[in-house]
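Working notes, beginning with the structure itself.
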Amino acid sequence: MSLGEIFDKKNNDLSKRIDKKKVPEHVAIIMDGNGRWATKKGLPRTYGHKQGVSVLKKIIKASKNLGCKVLTVYAFSTENWTRPSKEVNFLINLFSEVLRNQIEEIHEEATRIKFIGDLTPFPETLKKIISSSESLTKNNNDFLFNVCVNYGGRQEIVKAARELALKSSSGEIKPSEVNEELFNSELLTRGLKDPELLIRTSGEKRLSNFLLWQLAYSEIYISDVLWPEFNEYEFLKAIIDYQSRNRRFGGIESLPKESFEDSQCSS
Ligand code: FPP
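Count the sequence shown with this note's numbering and you get residues 75 to 341, in order.
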């Protein structure tokens, strides 16, 4: 699959700068700035969310064409309930509308869709369409699109801890058996590789309770662009920046043995 040509202002094809062997398997995105984009244009904030959906469609395609396997987006946090009820209701209706209108196309593109978060407070109509979309696409293995709704990283961690405590008190596991692997298996993202790259738009430099466990070693890319103005070009810039990083996972860059000893001896 190819990404197609994506040109920068100097007419250089950005897609040529991508190292196909170093494409992140899992990308997570905090799509931020919808409200500000709309307000800047003198429009209601809800226009920003609508425009955000068109951008999301482009980025799903771009990440899939690039060779990523999983895209996880933050669509509604546990804190978003504190927004005015008009905006909350708009977002809930938007999720249903997007699923109703796009699920066939998502399915045809061999993409699996999954919702991550506590769906309990959502209306039955949305829960039903989420469930039918998940079951329609469950055997699609090319690409996984995770949508985090009513999701909070701390809540997810607390829930995992509670599950393990219950299993321990019932004798199913011993407290000494609790390790990272077991903990991971209680998370909503169980079975998935952690994201190698987190992109946040709109210049904000926070995690905002998103995938707190899973992002422990992810590279973070902050784009100043507001989500409704984000596009394939900005996405490739994030990937190129990611590919220039030296991921050490808390260790040191692997050096030939002599170089390490040399550096120890030099004063
Ligand atoms: C953040 O911008 C964006 C959101 C809270 C909602 C994003 C949701 C979508 C784009 C819809 C996705 C739909 C599906 C079905 C996946 P903000 O409102 O926090 O912007 P601000 O920081 O400028 O106020």
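Ideal placement from N, C-alpha and C gives every residue a C-beta, glycine not left out.
Treat the numbers as computed from the prediction; the structure is a model and nothing was measured.
At the level of alpha carbons, what is the spacing between residue i and residue j?
i, j, result
"serine 292", "isoleucine 104", "13 angstroms"
"glutamine 229", "glutamate 179", "33 angstroms"
"isoleucine 134", "arginine 174", "17 angstroms"
"lysine 248", "leucine 240", "11 angstroms"
"phenylalanine 309", "proline 158", "31 angstroms"
"leucine 261", "alanine 102", "16 angstroms"
"leucine 130", "asparagine 224", "18 angstroms"
"phenylalanine 219", "threonine 211", "10 angstroms"
"methionine 75", "glutamate 99", "Only weak support is given to the placement of methionine 75: the predicted model assigns it a pLDDT of 48, under 50, and the value that follows is read from those uncertain coordinates. When rounded, the distance between both Cα atoms is 15 angstroms."
"leucine 300", "asparagine 108", "7 angstroms"
"glutamate 171", "threonine 199", "11 angstroms"
"leucine 88", "isoleucine 80", "5 angstroms"
"aspartate 216", "threonine 185", "6 angstroms"
"lysine 94", "tyrosine 121", "36 angstroms"
"alanine 149", "serine 242", "34 angstroms"
"leucine 272", "glutamate 251", "31 angstroms"
"leucine 145", "glutamine 125", "19 angstroms"
"threonine 152", "glycine 226", "5 angstroms"
"glutamate 306", "alanine 136", "6 angstroms"
"glutamate 161", "lysine 115", "18 angstroms"
"cysteine 142", "asparagine 253", "29 angstroms"
"tryptophan 287", "leucine 238", "16 angstroms"
"phenylalanine 164", "serine 282", "22 angstroms"
"phenylalanine 169", "leucine 285", "21 angstroms"
"alanine 235", "phenylalanine 257", "7 angstroms"
In the DSSP output, which residue or residues are listed as bridge partners for residue i?
i, result
"serine 151", "Tyr225"
"leucine 218", "Val144 and Arg186"
"isoleucine 294", "Leu272"
"aspartate 87", "Phe81"
Along the chain, where does the beta strand (DSSP E) that runs through residue i open and close?
i, result
"lysine 188", "185–190"
"valine 299", "Careful: valine 299 lies outside any beta strand (DSSP E) and carries neither H nor E."
"leucine 200", "Not the beta strand (DSSP E): leucine 200 falls in the alpha helix (DSSP H), residues 198–211."
"isoleucine 247", "Unbroken run through isoleucine 247: none, as it is neither H nor E."
With respect to 7 angstroms, is the separation between the Cβ of residue i and the closest non-hydrogen atom of the ligand FPP below this value?
i, result
"histidine 100", "no"
"histidine 181", "no"
"serine 159", "no"
"asparagine 154", "yes"
"serine 276", "yes"
"glycine 191", "no"
"asparagine 108", "yes"
"leucine 165", "yes"
"glycine 227", "no"
"leucine 262", "no"
"alanine 149", "yes"
"valine 144", "no"
"leucine 168", "yes"
"glycine 245", "no"
"tryptophan 287", "no"
"arginine 119", "yes"
"valine 127", "yes"
Tell me where the alpha helix (DSSP H) around residue i begins and ends.
i, result
"alanine 102", "Where alanine 102 is concerned, there is no enclosing alpha helix (DSSP H), although the beta strand (DSSP E) it sits in stretches over 100–104."
"leucine 256", "254–258"
"leucine 272", "Where leucine 272 is concerned, there is no enclosing alpha helix (DSSP H), although the beta strand (DSSP E) it sits in stretches over 271–274."
"asparagine 167", "159–182"
"phenylalanine 309", "306–317"
"asparagine 108", "108–114"
Assuming residue i and residue j make a contact with CB atoms under 8 angstroms, what is their CB distance in whole Å?
i, j, result
"valine 221", "isoleucine 166", "Valine 221 to isoleucine 166, Cβ: 13 angstroms. No contact."
"serine 318", "arginine 110", "Between arginine 110 and serine 318 the Cβ distance is about 29 angstroms, and since that is not below 8 angstroms, they are no contact."
"aspartate 82", "glutamate 278", "In fact, because the Cβ distance is near 25 angstroms, the residues do not count as touching under 8 angstroms."
"isoleucine 177", "serine 207", "5 angstroms"
"isoleucine 204", "leucine 193", "6 angstroms"
"aspartate 315", "tyrosine 295", "6 angstroms"
"isoleucine 190", "threonine 263", "7 angstroms"
"histidine 181", "asparagine 214", "7 angstroms"
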